[in-house]
Amino acid sequence: MLGVLYLGVISTAVAMWMWNRAFALVDASVASLFFFAQPVVGAALSVILLGQPLTAPLIAGSVLIAAGVLLALRG
191 MLGVLYLGVI
201 STAVAMWMWN
211 RAFALVDASV
221 ASLFFFAQPV
231 VGAALSVILL
241 GQPLTAPLIA
251 GSVLIAAGVL
261 LALRG
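According to my numbering, the sequence shown is numbered sequentially starting from 191.
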């Protein structure tokens, strides 16, 4: 029960505080682009940590998201 409380409250609160603090330090236009990177990071971590298969659609989607973020950052 204590583990659930820790994961549900303490670690979530710390993560949200760090997330909001980091976004307070950058412009809104740059910060919004990081939301598009979340699926790519999640997919990469699932391949690395969980052993999920690296499929062609996953690679294609990740490349498209990365290209879109890079194009948006360039202006």
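A virtual CB, placed ideally from N, CA and C, is assigned to each residue, including glycine.
In this text the structure is predicted, and so the values were computed from the model without any measurement.
Counted as a single uninterrupted DSSP element, the alpha helix (DSSP H) harbouring I238 occupies residues 218-240.
Taking a contact to require three or more Cβ pairs closer than 8 Å, the region 222-231 and the region 253-260 qualify as touching. Look at G265 here: in three-state DSSP terms it is coil, with no helix or strand label. Of all alpha-carbon atoms in L223, D217, S252, the one lying nearest the alpha-carbon of G232 is that of S252.
The beta carbons of A221 and F213 sit closer together than 7 Å.
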